[in-house]
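Following: one structure in structure tokens, then a few remarks.
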Amino acid sequence: MVLHPIEYRYFTEEMKEIFSQAHKFEMWLKVEAALSQAHAEFGTIPKSAADEISEKASLKYVKIERIHQIENEIDHDLMAMVRALSEACKGDAGRYVHLSATSYDIEDTANALILTQASNLILQKLLLNLEELKTKCQKNKKLVCVGRTHGQHALPTTYGMRFGVWAAEFCRHIDRMRELLPRISVGKMSGAVGTMASYGELGVPIQNKVMELLDLKPVLIANQILQRDRYAELILILALIAGTVDKIARQIRILQRNEIAELYEPFKKKQVGSSTMPQKRNPHKSERLCGLSRVIKSNTYIALENMTLEDERDLTNSASERVLFPETFVLLDYMLKELHTILSGLEFNKENITKNLYLTEGAILTERLMLELVNKGIGRQEAHEILRTVAIQARTEKKSIRDLLKLHPIFSNKFSPTELDELLDPKNYIGKAVEQVENLIQVIQSKYFDRSQGNKS
């Protein structure tokens, strides 16, 4: 029986496998094998014993059922694995399993392997979404639409700008993840309180060798565990990514409202929107992403609390991390996959985009008109007040600003009807929108997708 939706609903197979119990045991065993090889290199155990341990450090020989059976007897999962591995080894090799190590030498080093794998999978999904956003920027860099602030029509902008803002945010997330990886890909072999006393004079060389074998970095200093600021930073960055997904999904939901109807998330031919209202085309994919983001954001509290452990450590981080890591990574990986599906299948209603652009009949061009009045010798504050008054009159009398301005003594004196029409065309007031988007596309391509520079992960 499965209980958590990350097991049967909100997951990808790749990420779920990384956080499966079998994979965790495999990583524990991998670390135990590396530890035995490091001991053998420095002569603290026979090379034949290390080779036997390394050969048997696999679920092919160490059965999960046996680990659980031992755990039921001793109530310690890591030690249950150690005993099961020892049993699987021939001769006296089993006596050297886990030599000098404490549980979290194995667990935290295995965590480094698991979290590095999971982080790289998130990076792949970030790049996939960035590539889609780059494409959307290119295709829509000249698609003019109304920009909104405070939910109100503001100035003209472009859909290229909208996608560009999201793309730039994804760039920052990729940079954050890449910068963080070296702080996550760190393991330890420092014993019960971090002094390496159980390793004797070989503590530092053994730790360094184990990490070399595992392609990890050795911690500079630790107590019984790696300090949890590393993991807190990781979860906080994952929450930032979830926040961006939330923002994009929310904007798509807003743009899909019947009153706006400029953009739609993909909707399958036989998809049902509502069980009782057949006409509904609910943006449920986007809504799902917004909802799941709340779970990930809430997990930042747990990650921050786990930083505060007593003395050389207590066990309060352990149980929560068993939930925290898989839940956060599996949900975010699923969200990024779903976001890519939404972005790649977006449907544009260009008729409504144009309709909404001209909905206020020129009101969104008052900034431009104000600046043109300044160029004609009118003070900035006076020009602002003139246009504010005209805008109120237009709303009150249900008239277009265009018609009112053509009758206004100042405007009729300073601008011809043709000039006024040109000034009130929203497509003529998008500033450097296209240039900014084109520049962004070039930066994204060169920094993240230029294979000649090895940038694409």
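Take -2 as the starting number for the sequence shown in the working numbering and just add one per residue.
By construction, the Cβ of each residue, glycine as well, lies at the ideal position given by its N, Cα and C atoms.
Cα-Cα separation, residue i to residue j
i      : j      : result
HIS170 : TYR93  : 44 Å
GLY188 : ALA107 : 15 Å
ASP243 : ILE293 : 11 Å
PHE160 : ARG6   : 29 Å
CYS142 : ALA164 : 18 Å
GLY376 : TYR298 : 52 Å
CYS168 : GLU379 : 43 Å
LYS403 : LYS395 : 16 Å
LEU112 : ALA300 : 14 Å
GLU104 : ALA19  : 14 Å
MET76  : GLU309 : 20 Å
PHE16  : HIS1   : 13 Å
LYS334 : ALA47  : 42 Å
LYS373 : LYS352 : 31 Å
SER45  : GLU4   : 41 Å
VAL183 : VAL162 : 34 Å
ASN314 : VAL28  : 21 Å
VAL79  : ALA90  : 12 Å
SER443 : VAL434 : 14 Å
ILE460 : LEU56  : With the chain covering -2 to 454 only, the question about residue 460 has no answer from this structure.
ILE50  : PHE39  : 16 Å
VAL440 : GLN390 : 46 Å
GLU230 : ALA219 : 17 Å
GLU52  : PHE322 : 29 Å
ALA31  : ARG225 : 24 Å
VAL387 : GLY148 : 21 Å
GLU432 : ASP400 : 33 Å
PRO406 : VAL371 : 16 Å
GLU128 : GLU10  : 22 Å
GLU256 : PRO280 : 14 Å
LYS139 : ARG145 : 17 Å
GLU68  : GLU284 : 42 Å
GLY191 : VAL201 : 11 Å
Which residues DSSP lists as bridging residue i, in chain order
i      : result
VAL59  : Paired residues: none, contrary to the question.
HIS150 : ARG145
PRO2   : None; PRO2 has no bridge partner.
LEU401 : Partner(s): none; LEU401 has no beta bridge.
THR155 : VAL141
TYR462 : Here the chain covers residues -2 to 454 and nothing more, so residue 462 does not appear.
PRO215 : GLY184
Where residue i falls, given that 16 or more other Cβ within 10 Å makes a residue buried
i      : result
LEU356 : exposed
PRO263 : exposed
GLY428 : exposed
GLN268 : exposed
SER116 : buried
ASN425 : exposed
ASP74  : buried
THR99  : buried
ASP447 : exposed
ARG392 : exposed
GLN253 : buried
SER409 : exposed
LEU312 : exposed
Selected residue, minimal CA-CA separation from residue i, among the options
i      : options                        : result
THR154 : SER397, PRO406, ILE361         : ILE361
LYS265 : ILE251, GLU256, LYS282         : LYS282
PHE8   : ASP89, ILE42, VAL327           : VAL327
CYS134 : SER341, ASP447, LYS424         : SER341
ILE234 : LEU420, ARG392, LEU329         : LEU329
GLU84  : TYR58, ASP102, SER100          : TYR58
PRO179 : MET274, GLU68, ARG385, MET208  : MET208
ASN303 : SER317, SER295, ARG291, SER290 : SER317
ASN296 : ILE232, LYS60, GLU307          : ILE232
ALA54  : ALA109, ILE245, LEU82, GLU38   : LEU82
ILE245 : LEU199, SER195, ASN126         : ASN126
ALA109 : VAL190, ILE222, ARG399         : ILE222
MET459 : ILE238, THR305, TYR331         : Because the chain is modelled from -2 through 454, residue 459 falls outside the range shown and cannot be assessed.
HIS227 : ALA239, TYR261, LEU210, GLU176 : A quick correction: the sequence has Arg, not His, at residue 227. Of ALA239, TYR261, LEU210, GLU176, the residue nearest in Cα terms is GLU176.
Per-residue DSSP class, three states only, for residue i
i      : result
LYS396 : coil
PHE446 : helix
ASN279 : coil
ALA492 : This structure does not reach residue 492, given that the chain is present from -2 up to 454, and the question cannot be answered.
LYS267 : coil
PHE408 : helix
PHE8   : coil
GLU256 : coil
ILE339 : helix
ALA98  : coil
ARG225 : coil
LEU26  : helix
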